[in-house]
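Below is one structure, written out as structure tokens; comments come after it.
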Amino acid sequence: METFPVIDLEKLNGEGRGEVMELIKDACENWGFFELVNHGISHDFMDTVEKLTKEHYRKCMEQRKAMKEFAFQLEKLAEQLLDLLCENLGLEKGHLKKAFYGSKGPTFGTKVSNYPPCPKPDLIKGLRAHTDAGGIILLFQDDKISGLQLLKDGKWIDVPPMRHSIVTNIGDQLEVITNGKYKSVIHRVVAQPDDNRMSIASFYNPGSDAVIYPAPLLIEKEAEKGQVYPKFVFEDYMKLCAGLKFQAKEPRFEAMKAMESTINMGPIPTV
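Reminder that position 231 of the sequence shown reads as 229 in our numbering, one-by-one numbering, no gaps.
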């Protein structure tokens, strides 16, 4: 059985950089998910965030100074990852951030979730299977209670709880921009019988008016496959998702393809 991919970002700065980049490449192409360790966010700080979230859930939602700082650090980590993906894809540094930019810049949001124990987990579905509609997702999940699963080769695989790691996964927008080289992957959260499960999910998404389309360089590279994704405004895609929530991404792409003749490309962003 394949081992869930774990990426040690600390090794980027030494002789192991090539190996790390290859691991990221393989994870993006074959998993759509990976876990980051030694990512630059302090373990003590992550412990503080976890404690705030678990012990003072409601208060934390009202007064979240630590959460704001954590979100800021995660946003910087997301931008670092996007540039690593650019490097692996042979794209100019900053291409993915520019693709997400629109007129006002990318959007970044954080959602704190608390899943209470369920004495009869077999009787409920948990969070239904879906792909993430956005760009790149960073998840600080419970390090003891599992529950997140991804669908790989027709089987549900647990994303293993790992202390101080950040789980990363590819959203639909990266699938489009990479012309299918990196695919968003179906995943779900299943109920657990024993304990509360905490998760903090951060979403680095395109700006609402960003025009999303495959990178021209990647269309050339993948030309022999004949698979070209649609061009659309991100806000239009999200409006469609609201009406087709938890349905497959393929009908969304087809609907966007039918609309793409109406898209005005607008100015190229400068960042």
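Ideal placement from N, C-alpha and C gives every residue a C-beta, glycine not left out.
**Prompt:** Any idea what DSSP makes of M236, helix, strand or coil?
**Reply:** Translated into the one-based positions of the sequence shown, residue 236 becomes position 238. Residue state for M236 is assigned as helix, using DSSP reduced to three classes.
**Asked** Is DSSP giving H93 helix, strand or coil here?
**Response** As a first step, residue 93 must be located in the sequence shown, where it is residue number 95. Reduced to three states, the DSSP call for H93 is helix.
**Whole-angstrom distance between G12 and M254, CA atom to CA atom** = Counting from 1 along the sequence shown, the entry for residue 254 is found at position 256. Counting from 1 along the sequence shown, the entry for residue 12 is found at position 14. Whole-angstrom Cα-Cα distance: 43 Å.
**Request:** Please go through the same chain and pick out, in chain order, the residues whose beta-carbon is closer than 6 Å to the beta-carbon of D141, but skip the five residues on each side of it.
**Result:** What you label residue 141 is simply residue 143 of the sequence shown in a count that begins at 1. Closer than 6 Å at Cβ, skipping near neighbours: P159 and R161.
**Request:** Quick one: using the 10 Å Cβ neighbour count with 16 as the cut-off for buried, is P104 buried or exposed?
**Result:** The residue given as residue 104 occupies position 106 in the sequence shown. By the neighbour-count rule (16 or more Cβ atoms within 10 Å), P104 is buried.
**Prompt:** T1 by DSSP, collapsed to three states: which one?
**Reply:** By 1-based counting over the sequence shown, the position of residue 1 is 3. Here T1 sits in coil by DSSP.
**Prompt:** When DSSP labels each residue in this structure, what does N11 get in the three-state scheme?
**Reply:** Locating residue 11 in the sequence shown gives position 13, counting from the first residue. N11 falls in the helix class under three-state DSSP.
**Message:** Going by the DSSP bridge assignment, what does R186 pair with across the sheet?
**Reply:** Walking along the sequence shown from the start, residue 186 turns up at place 188. Paired residue(s): Q147.
**Item:** Nearest-angstrom Cα separation, counted from S111 out to M196
**Value:** Your numbering for residue 196 matches position 198 in the sequence shown. Your numbering for residue 111 matches position 113 in the sequence shown. Between M196 and S111, the C-alpha separation is close to 6 Å.
**Message:** Using a Cβ distance threshold of 8 Å, determine whether the segment 147 to 155 contacts the segment 24 to 37, with at least three qualifying pairs required.
**Reply:** yes
**Item:** 6 Å Cβ shell around H93 - same chain, five flanking residues per side excluded
**Value:** In the sequence shown, the residue the question calls residue 93 occupies position 95. The residues are C84.
**Asked** With distances taken from CA atoms, which of G16, A246 and K9 is nearest I184?
**Response** Position 186 of the sequence shown, counted from the first residue, corresponds to residue 184. Answer by Cα proximity: A246.
**Prompt:** So what does N167 bridge to, in DSSP terms?
**Reply:** Translated into positions along the sequence shown, residue 167 becomes position 169. DSSP output for N167 lists F31 and I135 as bridge partner(s).
**Asked** So what's H37 in DSSP terms, helix, strand or just coil?
**Response** As a first step, residue 37 must be located in the sequence shown, where it is residue number 39. Three-state DSSP puts H37 in coil, outside helix and strand.
**Message:** Suppose the cutoff is 8 Å on Cβ atoms and the five residues either side in sequence are ignored; what does the same chain contact list for E90 look like?
**Reply:** As a working note, residue 90 is residue 92 in the sequence shown. Leaving aside the five residues that flank E90 on each side, the residues in its chain whose CB is nearer than 8 Å to its CB run, in chain order, C84.
**Request:** My understanding is that Y202 touches I134, with C-beta atoms under 8 Å, so please give their C-beta distance in whole angstroms.
**Result:** In the sequence shown, counting from the first residue as 1, residue 202 sits at position 204. In the sequence shown, counting from the first residue as 1, residue 134 sits at position 136. Y202 to I134, Cβ: 5 Å. Contact.
**Prompt:** Would you call the segment 32 to 50 and the segment 62 to 80 touching, i.e. three or more CB-CB distances under 8 Å?
**Reply:** yes
**Request:** Give every residue of the same chain whose Cβ lies closer than 8 Å to the Cβ of L121, excluding the five residues on either side of it in the sequence, and list them in chain order.
**Result:** The sequence position of residue 121 within the sequence shown is 123, counting from 1. Note that L121 scores 49 on pLDDT, short of 50, meaning its location in the model is unreliable; the coordinates nonetheless yield the value given after this. Same-chain partners within the cutoff: there are none.
**Message:** According to DSSP, simplified to helix, strand and coil, what is L121?
**Reply:** The count along the sequence shown starts at 1 and reaches residue 121 at position 123. Caution is warranted here: a pLDDT of 49 is assigned to L121, below 50, making its placement in the model unreliable, and the coordinate value is therefore given only provisionally. DSSP places L121 in helix when its eight states are reduced to three.
**Prompt:** Short check: CB of L146 to CB of V187, under 8 Å?
**Reply:** As a working note, residue 146 is residue 148 in the sequence shown. As a working note, residue 187 is residue 189 in the sequence shown. The answer is yes: Cβ separation under 8 Å.
**Asked** Going by Cα to Cα distance, which pick from V18, E218, S206 and F70 is closest to G100?
**Response** Along the sequence shown, read from residue 1 onward, the residue named residue 100 stands at position 102. Checking every option, the nearest Cα to that of G100 belongs to S206.
**Request:** Consult DSSP for M44 and reduce its assignment to one of helix, strand or coil.
**Result:** What you label residue 44 is simply residue 46 of the sequence shown in a count that begins at 1. Look at M44 here: in three-state DSSP terms it is helix.
**Prompt:** Quick one: is F70 buried, meaning 16 or more other Cβ sit within 10 Å of its Cβ, or exposed?
**Reply:** Indexing the sequence shown from 1 puts residue 70 at position 72. So F70 counts as exposed.
**Prompt:** At which residues does the beta strand (DSSP E) containing K153 begin and terminate?
**Reply:** As a position in the sequence shown, residue 153 is number 155, starting the count at 1. K153 -> beta strand (DSSP E) spans K153 to D156.
**Item:** P277: first and last residue of the uninterrupted alpha helix (DSSP H) it sits in
**Value:** Residue 277 cannot be examined here, being either before or after the span of the chain that is shown, -1 to 269.
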